[in-house]
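Okay, structure first, notes after.
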Amino acid sequence: MAEEKDPESTEAIVAELHKKIKEAFEVFDHESNNTVDVEEEEPTGYIRFEKFIPVMTTVLLEKRYRPIAEDVLLRAFEVLDPTKRGFLTKDELVKYMTEEGEPFSQEEMEEMLSAAIDPESNTINYRDYITMMVIDEN
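Quick note on numbering: the sequence shown equals residues 1 to 138 in the UniProt record's numbering.
The following block contains the structure:
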């Protein structure tokens, strides 16, 4: 017999997903107009939040893309922090993200910094950042 899902539970899950999607979308909505500019090598237009949220909700509910595990993200940051301080300075983060591997563009770096850097200390507490990035799958 198939297990029926509680509609209230499903609504709560969807509401929490919508909240997280909106928070992530707002990081890239620089003009606060519910649109995100879509650029690769040439401008291709905008994505409106109203069109984005149902698609992203479906993708997340169907678990189409497996998120990277929290412990894997933590180990990656710890490689960049060999003294295990628990944070990286803004300068360290910029250096790693623009000079190593596939470098971030200036715009990508600014977007990451706007979400990751504590403006008071000018550092990224990577445990807090990871917590913000991961999705609770329960």
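Virtual Cβ for every residue (Gly too), placed ideally from N, Cα, C.
CA nearest to the CA of residue i, picked from the options
| i | options | result |
| --- | --- | --- |
| Thr-131 | Asp-71, Glu-120, Val-36 and Met-109 | Asp-71 |
| Pro-54 | Gln-106, Val-14 and Asp-81 | Val-14 |
| Ile-47 | Arg-64, Phe-104 and Phe-25 | Phe-25 |
| Asn-33 | Pro-67, Gly-86 and Phe-49 | Phe-49 |
| Leu-61 | Tyr-96, Ile-124, Arg-85 and Lys-20 | Lys-20 |
| Thr-89 | Pro-119, Val-36, Asp-37 and Asp-29 | Pro-119 |
| Thr-10 | Glu-78, Thr-58, Asp-37 and Val-36 | Thr-58 |
| Lys-95 | Tyr-129, Ser-121, Leu-113 and Ala-69 | Leu-113 |
| Met-97 | Arg-127, Ala-76 and Met-56 | Ala-76 |
Residues sharing a beta bridge with residue i, DSSP
| i | result |
| --- | --- |
| Arg-48 | Thr-35 |
Nearest-angstrom beta carbon gap, residue j and residue i [assumed within contact, 8 Å]
| i | j | result |
| --- | --- | --- |
| Leu-93 | Ile-124 | 6 Å |
| residue 186 | Glu-110 | Outside the modelled stretch of the chain, which goes from 1 to 138, sits residue 186, for which no answer is possible. |
Beta strand (DSSP E) runs wholly inside the stretch 82 to 137, at least 3 long, in chain order:
87 to 89 and 123 to 125
query: Below 8 Å, can you find three or more Cβ-Cβ pairs linking the stretch 94 to 110 to the stretch 56 to 70?
result: no
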